[in-house]
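S.K.: There's a structure below that I have some questions on.
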Amino acid sequence: MNLYLKQTVSEKFRKQVLLILLGTLCVTSFNWGSKVKILLKMNNPQVTKAFYSLVGTSEAIRLLSIFFYKIKGCRSYIGVNHTEKPGGKSKNLNQWLAGLIDGNGTFSLTKKGYASLEITMDIRDEHALYIIKNLYGGSIKLVSGKNALRYCLRHKQGFLALVHDVNGEIRNSYRLMQLNKICLKYKINIIYPDKLVYKNAWLSGFFDADGSITLNKDNQQLAITLTQKTRENLQPLISIYGGFIDIDRTSNRFKWYVSNKEEILDLIEYLKKYPSRSLKKNRLHLIPKYFELIKKGAHKASKDSPLLARSWNLFKDKWNKYEI
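Every letter in the sequence shown is one number past the one before it in UniProt numbering, and letter 76, counting from 1, is 76.
As structure tokens, this is what we get:
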């Protein structure tokens with residue numbers, strides 16, 4: 001992405017694109033759409049129309065589409081973090097990345113000594129993986145037979161930069177053992193994490209990896225959950241963020257539930273400070289509307305209240321499509 005933008009877009013704008021992809025800059029009154037259009041016209045008028053239809057004719061156009069998506073997402077109550085410094089990775093971003101790796105990542109070291117990191121996510125979370133790719137390099141490919149993407153980082157410079165950034169933030173014991181092998185190879189002192197506290201972005205990344213936001217089909221009860229094979233990574237969450245842990249009979253795994261309204265709203269406040277970078281943030285954005293409609297009884301509205309029933313149906317349609 002950076003190489004293409006250096007050829008087609010000013011250096012200043014290239015940095016602004018990166019900031020948007022990191023979810024650190026909120027666009028308010030500035031007309032970014034026209035600026036992008038003007039820059040594209042100056043450098044390659046043939047692709048302007050493709051950008052505005054969000055249909056990429058090349059890798060660069062597809063990435064600019066992701067950039068446009070991030071601008072649009074700045075209207076959300078979630079996704080803005082003014083503490084991240086331009087041109088550098090903040091501690092919050094490192095903690096988010098560590099949480100994501102703890103949930104969906106794998107550090108590997110082959111017998112020949114080749115080290116790598118892989119992170120697998122839903123295909124709809126492509127933009128989250130491109131945030132990581134922009135920072136460290138690597139590649140993103142489709143997972144055969146699944147609606148998923150796999151990010152892979154192998155080149156030494158980017159890999160060691162990532163290891164440096166997440167060292168001290170990894171909490172999953174399996175991932176720590178994997179990271180320890182990497183640290184031994186490169187003679188790096190492994191750093192164990194401090195006790196998890198509220199003011200830590202780790203849960204945001206862990207939620208992007210293994211979290212869910214669901215509505216019960218029978219009673220429309222809202223729940224935010226995290227699923228794991230063991231209780232280890234879930235137990236500390238209860239004293240910090242509330243909720244409870246139970247065994248899910250369907251998956252035979254441990255699941256952390258947050259279903260109390262006050263605890264859900266508190267968790268949303270946390271995610272305003274430490275934003276989700278997956279598509280799940282769209283459902284988070286809809287939660288206040290959910291409580292508003294539930295209070296009005298829209299989920300039980302009959303034919304005698306057509307407008308209320310229609311409001312609920314419109315909400316459910318956005319919910320099911322992960323739209324804002």
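Cβ coordinates follow ideal geometry from the N, Cα and C atoms, glycine included. Keep in mind that this is a model prediction, so the values were computed, not measured.
Per DSSP, which residues does Glu118 bridge with? Please list them.
M.R.: Sequence index remark: in the sequence shown, residue 118 carries index 118 (1-based). Paired residue(s): Thr106 and Cys152.
S.K.: Smallest Cα separation from Leu109: which of Tyr130, Lys185 and Ser139?
M.R.: Here residue 109 refers to the residue found at position 109 of the sequence shown. Nearest of Tyr130, Lys185 and Ser139 to Leu109, Cα basis: Lys185.
S.K.: Kindly identify the DSSP beta-bridge partner or partners of Tyr174.
M.R.: Here residue 174 refers to the residue found at position 174 when the sequence shown is read from its first residue. Beta-bridge pairing links Tyr174 to no other residue.
S.K.: State yes or no: is the C-beta of Leu215 within less than 9 Å of the C-beta of Tyr290?
M.R.: Taking the sequence shown and counting its residues from 1, one reaches residue 215 at position 215. Taking the sequence shown and counting its residues from 1, one reaches residue 290 at position 290. Yes, Cβ-Cβ distance for Leu215 and Tyr290 is below 9 Å.
S.K.: Expressed to the nearest angstrom, what Euclidean distance is found between the alpha-carbon atoms of residue 329 and Asn260?
M.R.: Since the first residue shown for the chain is 1 and the last is 324, residue 329 is missing from the structure and cannot be characterised.
S.K.: Taking Cβ positions, are Gly168 and Gly137 nearer each other than 9 Å?
M.R.: Position 168 of the sequence shown, counting from 1, holds the residue named residue 168. Position 137 of the sequence shown, counting from 1, holds the residue named residue 137. No, the Cβ-Cβ distance between Gly168 and Gly137 is not below 9 Å.
S.K.: Mapping DSSP to helix, strand and coil, what is Lys37?
M.R.: For the purposes of this step, residue 37 is taken as the residue at position 37 of the sequence shown. Reliability of the predicted coordinates at Lys37 is poor, the pLDDT of 39 falling under 50, and no value is obtained from them.
S.K.: Hey, is the segment 92-101 in contact with the segment 205-219, meaning 3+ C-beta pairs nearer than 8 Å?
M.R.: Counting Cβ pairs under 8 Å, three or more are found: they touch.
S.K.: Measuring alpha carbon to alpha carbon, tell me which residue in Asn147, Leu279 and Lys111 is nearest Asn320.
M.R.: Sequence index remark: in the sequence shown, residue 320 carries index 320 (1-based). Nearest C-alpha to Asn320: Leu279.
S.K.: Roughly how many angstroms lie between the CA atoms of Asn147 and Glu269, to the nearest whole one?
M.R.: For the purposes of this step, residue 147 is identified with residue 147 of the sequence shown, where counting begins at 1. For the purposes of this step, residue 269 is identified with residue 269 of the sequence shown, where counting begins at 1. Cα to Cα, Asn147 sits roughly 31 Å from Glu269.
S.K.: How long is the line joining the alpha carbons of Val258 and Ile224, rounded to whole angstroms?
M.R.: The residue you call residue 258 lines up with position 258 of the sequence shown. The residue you call residue 224 lines up with position 224 of the sequence shown. Distance between the alpha carbons of Val258 and Ile224 is about 5 Å.
S.K.: Mind pulling the alpha helix (DSSP H) runs of 4 or more residues that sit fully within the UniProt domain "Homing endonuclease LAGLIDADG" (203-289)?
M.R.: Counting whole runs of 4 or more residues, the UniProt domain "Homing endonuclease LAGLIDADG" (203-289) contains the alpha helix (DSSP H) stretches 235-241 and 261-273.
S.K.: To the nearest angstrom, how far is the alpha carbon of Ser302 from that of Asn313?
M.R.: For the purposes of this step, residue 302 is identified with residue 302 of the sequence shown, where counting begins at 1. For the purposes of this step, residue 313 is identified with residue 313 of the sequence shown, where counting begins at 1. Cα to Cα, the separation comes out at about 12 Å.
S.K.: Taking the Cβ atom as the reference point for each residue, do Gln220 and His155 lie within a distance shorter than 9 Å?
M.R.: Mapped onto the sequence shown, residue 220 falls at position 220. Mapped onto the sequence shown, residue 155 falls at position 155. No, the pair does not count as a contact, with Cβ atoms beyond the cut-off.
S.K.: Can you look up Ser311 in the DSSP assignment and give me helix, strand or coil?
M.R.: The residue you call residue 311 lines up with position 311 of the sequence shown. Three-state DSSP puts Ser311 in a helix.
S.K.: Take the Cβ of Ala145 as the centre, count every other Cβ of all protein chains shown within 10 Å, and call the residue buried at 16 or more, exposed below.
M.R.: As a first step, residue 145 must be located in the sequence shown, where it is residue number 145. Before going further, note that residue 145 is Gly rather than Ala in the sequence given. The residue in question, Gly145, is exposed, as its Cβ has fewer than 16 Cβ neighbours within 10 Å.
S.K.: Go ahead and pull the three-state DSSP assignment for Gln182.
M.R.: As a working note, residue 182 is residue 182 in the sequence shown. Reading off the sequence, residue 182 comes out as Ile, not Gln. If DSSP states are grouped into helix, strand and coil, Ile182 belongs with the helices.
S.K.: By Cβ distance, which residues of its chain are closer than 7 Å to Asp248, with the 5 residues on each side in sequence left out?
M.R.: In the sequence shown, the residue the question calls residue 248 occupies position 248. Excluding residues within five positions, the ones whose Cβ falls inside 7 Å are Thr227 and Lys255.
S.K.: Between the alpha carbons of Lys316 and Lys111, how many angstroms are there, rounded?
M.R.: For the purposes of this step, residue 316 is identified with residue 316 of the sequence shown, where counting begins at 1. For the purposes of this step, residue 111 is identified with residue 111 of the sequence shown, where counting begins at 1. Distance between the alpha carbons of Lys316 and Lys111: 50 Å.
S.K.: Among all the DSSP beta bridges, which residues are the ones paired with Ile140?
M.R.: By one-based count along the sequence shown, residue 140 stands at place 140. Paired residues: Tyr151.
S.K.: Are the CB atoms of Val143 and Ile101 nearer to each other than 9 Å?
M.R.: Here residue 143 refers to the residue found at position 143 of the sequence shown. Here residue 101 refers to the residue found at position 101 of the sequence shown. Contact flag unset, no.
S.K.: Thinking C-beta only, is Thr120 closer than 9 Å to Arg175?
M.R.: Residue mapping note: residue 175 aligns to position 175 of the sequence shown, counting from 1. Residue mapping note: residue 120 aligns to position 120 of the sequence shown, counting from 1. Not closer than 9 Å, so no.
S.K.: Going along the chain, which residues of its own chain have a beta-carbon closer than 7 Å to the beta-carbon of Asp246, five neighbours each way excluded?
M.R.: In the sequence shown, residue 246 corresponds to position 246, counting from 1. Only Lys255 and Tyr257 meet the Cβ criterion.
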